[in-house]
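Everything on this sheet refers to the single structure shown next.
2 protein chains.
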Amino acid sequence: VPGRAEVEAASARLGELVVRTPVIDCPAFDARAGASLLLKCENLQRGGAFKARGAQHAVGRLVPGVRARGIVTYSSGNHAQAVALAARRFGCRADVFMPVDAPAIKREAVERLGARVELVGTTSTERRAAACAFAARTGAAIIEPFDDPDIIAGQGTATLELLEQAGPLDALLVPVGGGGLVAGACLACEGTSTAVYTVEPAGCDAMARSLAAGRRVVVDPGPTLADGLKPSQVGERNFEIARARVAGSFTVTDDELAGAMLALLLDAKLLVEPSGAAALAVALRGELPGSPQRVGVILSGGNVAPERVGGVLAAAHRA
Amino acid sequence: VPGRAEVEAASARLGELVVRTPVIDCPAFDARAGASLLLKCENLQRGGAFKARGAQHAVGRLVPGVRARGIVTYSSGNHAQAVALAARRFGCRADVFMPVDAPAIKREAVERLGARVELVGTTSTERRAAACAFAARTGAAIIEPFDDPDIIAGQGTATLELLEQAGPLDALLVPVGGGGLVAGACLACEGTSTAVYTVEPAGCDAMARSLAAGRRVVVDPGPTLADGLKPSQVGERNFEIARARVAGSFTVTDDELAGAMLALLLDAKLLVEPSGAAALAVALRGELPGSPQRVGVILSGGNVAPERVGGVLAAAHRA
């Protein structure tokens, strides 16, 4: 059974390959939340998202002879960019299967890093099948986006650092797509009294429904601003780890995501993508069970197209 | 003669009153600059700008009986907000004279903090006269925006921290309005081999012209995006300190300011106001004398109206 030790080992292996991102606070947020919010700025991570942690860790753990045959992955965006970065770092070829509706800014960033991008369907099931077929044909190693021990341990380093930087937390809010970040958070929080909560877009709450059902549920993800948080199913390992540790689950609306994004920009001076603002959106409600005083909030990424930022600002200006 | 010891003393006095802001780097910037840029994020400071350092320090240094008669200041924006914050912290009344063309976002922030705002003219000379008359009438203590030893020592703590966080720097780029930040930087760099450079908007280069003339020159500041960097004259103490230490001066155009702001937003995920992006605009040219390898860049503030951000984004979208 993996635990905090795996996250600590990942942190030691990663060393300078990832950024020890800052933790900031913002008095305007604390006033709204009725708590001290400690914001872990993974939007300031290499590649603009926490995904660099898992990808650098997993690619670094491959045997060099295996890595030389190339790596392949599938992703809606940020994991793709992180794998492309890791491939460049370790000097191997990378092929990436992305959905046809991936934001152009994320696709272009992957190509700029030297990876080959192929667009396939709109669901994680479709792009995973394409990546597996490619791996079978070429011998490339698959770098899973979330359901993998090395990925989970790597993503857990974000929470490990947060606990080191901020001290003990009563609660921690984590955005959930496939569940890599939250599974890592659960491992990192082992032995602490931190209550870990999941946050998903309304209509894309595969983790919340799975936790409620006691087994992994397949959902048909509805439309959401949070393009990074809409897999049809969470990972198996991710679910098992979350089931043993998660204290509760929340969903957020597009209006709340846009509001949190805008507050981050104007009050905290940080550009955060909609998926990355999900945890703050819940914190700002000020309704966490038991009124925790010190609340960790993971800002998971900052890769957002300029026109979307403009749209959010324009909406604020009209309001 | 003030020196590094005054800045160290200010840092010890300030303690938790200001944020030890993070220093970040950004590979995309380093590639353009041909150097390692270390970005000191004063946009993440309390009140959204480095001005909190000097204001908290100067207000804290007042004798309590003096402070009880109230404080008064004059400013185009960020110093006003910082003084309002300090007044709230120390429980005294604050009156602030701002120009009629101050951005609404800055004026409203001052009022939200509980200070009284009065709009006077468009030049620092006009608002200074109004503040002095008010002080004479009421007995309030004037908190100077830049030409004051306690303000200079306070602003110097930004550079002191940067040197502690980033290690030795070959060069440091500092935006200059009245000269508080750069004078503090000069003091903090005492005893190091860091070359300190000033950055001003084209047409608002009171410091560069004064350094060239060997005496303080009055300018008629032209229009600029950088509303925080347009006093008609730098401070006397600021000039004397800069004259003894500054290695060179640069000016930047509005196009460069907008470009640097946009790069900070999209590549570094940071919202920085035009004045705050001035030093980066120079760094990105990659033309510093002697090709320094480790270059400090002070991002001095992040208080910018949503509609201006929208304008910069829209321009980028058209480009």
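Top to bottom, those sequences are chains V and A.
If you read the first sequence in the numbering used here, its first letter stands for residue 0, the second for the next number, and so on.
If you read the second sequence in the numbering used here, its first letter stands for residue 0, the second for the next number, and so on.
Built from N, CA and C at the ideal position, the CB exists for glycine as well.
As the structure is a computational prediction, the values presented were derived from the model and not from experiment.
Expressed to the nearest angstrom, what Euclidean distance is found between the alpha-carbon atoms of residue i and residue j?
i, j, result
"L263/V", "V271/V", "7 Å"
"G248/A", "F89/A", "The displayed chain sequence assigns Ser, not Gly, to residue 248/A. One C-alpha to the other measures close to 37 Å."
"H56/A", "I142/A", "10 Å"
"E125/A", "F96/A", "9 Å"
"R3/V", "D147/V", "16 Å"
"E306/V", "L312/A", "7 Å"
"L112/V", "V82/V", "10 Å"
"V65/V", "A140/V", "7 Å"
"G69/V", "A134/V", "9 Å"
"A277/V", "Y196/V", "12 Å"
"V62/V", "G138/V", "13 Å"
"A79/V", "R214/V", "28 Å"
"A182/A", "M260/V", "36 Å"
"A207/V", "V296/A", "44 Å"
"S123/A", "V0/A", "27 Å"
"P26/V", "I240/A", "35 Å"
"L186/A", "A280/A", "24 Å"
"V116/V", "A170/V", "38 Å"
"A211/V", "A205/V", "10 Å"
"P21/A", "P200/V", "31 Å"
"C188/A", "V217/A", "27 Å"
"R92/V", "E110/V", "12 Å"
"R106/A", "G310/A", "20 Å"
"V251/V", "A8/A", "47 Å"
"L269/A", "R236/V", "35 Å"
Check the DSSP bridge columns for residue i and list the partner residues they point to.
i, result
"K39/V", "V22/V and I297/V"
"G247/A", "Y196/A"
"M97/V", "L118/V"
"V71/V", "D94/V and I141/V"
"P174/V", "V198/V"
"A48/A", "G300/A"
"L269/V", "L269/A"
Within 10 angstroms of its Cβ, does residue i collect 16 or more other Cβ (buried), or is it exposed?
i, result
"E255/V", "buried"
"G153/V", "buried"
"G179/V", "buried"
"D219/A", "exposed"
"R136/V", "exposed"
"P222/V", "exposed"
"S290/A", "exposed"
"S209/A", "buried"
"P230/V", "buried"
"A48/V", "buried"
"S10/A", "buried"
"G190/A", "exposed"
Check each candidate in the options and name the one with the smallest Cα separation from residue i.
i, options, result
"K50/V", "M206/V, V175/V and R242/V", "V175/V"
"D226/A", "A81/A, G300/A and T20/A", "G300/A"
"S74/V", "D94/V, V65/V, V58/V and R68/V", "D94/V"
"G275/A", "K39/A, L13/A and R3/A", "K39/A"
"R12/A", "G155/A, C25/A and L37/A", "G155/A"
"L118/V", "R111/V, A129/V and G166/V", "A129/V"
"L283/A", "A243/A, V198/A, V218/A and V303/A", "V198/A"
"L161/V", "A201/V, L224/V, E110/V and E41/V", "E41/V"
"A67/A", "N77/A, A86/A, D253/A and R136/A", "A86/A"
"L172/V", "A30/V, A246/V and R92/V", "A246/V"
"V58/V", "D24/V, F28/V, A30/V and L16/V", "L16/V"
"I104/V", "G46/V, G14/V and E286/V", "G46/V"
"L224/V", "C203/V, P273/V and V217/V", "P273/V"
"G202/A", "Q232/A, S192/A and T191/A", "Q232/A"
"A165/V", "S35/V, R31/V and A108/V", "S35/V"
"G53/V", "A205/V, P144/V, L269/V and S192/V", "P144/V"
"P288/A", "A194/A, D266/A, P200/A and V308/A", "A194/A"
"P60/V", "I150/V, V109/V and Q44/V", "Looking at the sequence provided, one finds Arg at residue 60/V rather than Pro. Comparing Cα positions, the closest option is I150/V."
"G120/V", "P98/V, L43/V and A132/V", "P98/V"
"E320/A", "L228/A, R31/A, V71/A and D24/A", "Because residue 320/A is not part of the residues shown, which for chain A are 0 to 318, the question remains open."
8 Å is my cut-off, CB to CB: does residue i come that close to chain B?
i, result
"P21/V", "The displayed structure is made up of protein chains V and A, and chain B is not among them."
- Below 8 Å between beta carbons is the criterion; list the residues of the stretch 264-275 of chain A that meet it against any residue of chain V, in chain order. Residues passing the 8 Å Cβ filter: L264, L265, A267, K268, L269, L270 and V271.
- Name, going along the chain, the residues of the stretch 295-315 of chain A whose beta-carbon falls closer than 8 Å to a beta-carbon of chain V. Sequence-ordered contacts of the stretch 295-315 of chain A with chain V read G301, P305, E306, V308, G309, L312, A313 and A315 [C-beta pairs closer than 8 Å].
- Task: Select from the stretch 23-52 of chain V all residues with a C-beta closer than 7 Å to any C-beta belonging to chain A, and list them in chain order.
- Result: Under the 7 Å Cβ criterion, the stretch 23-52 of chain V contributes I23, N42, L43 and G47.
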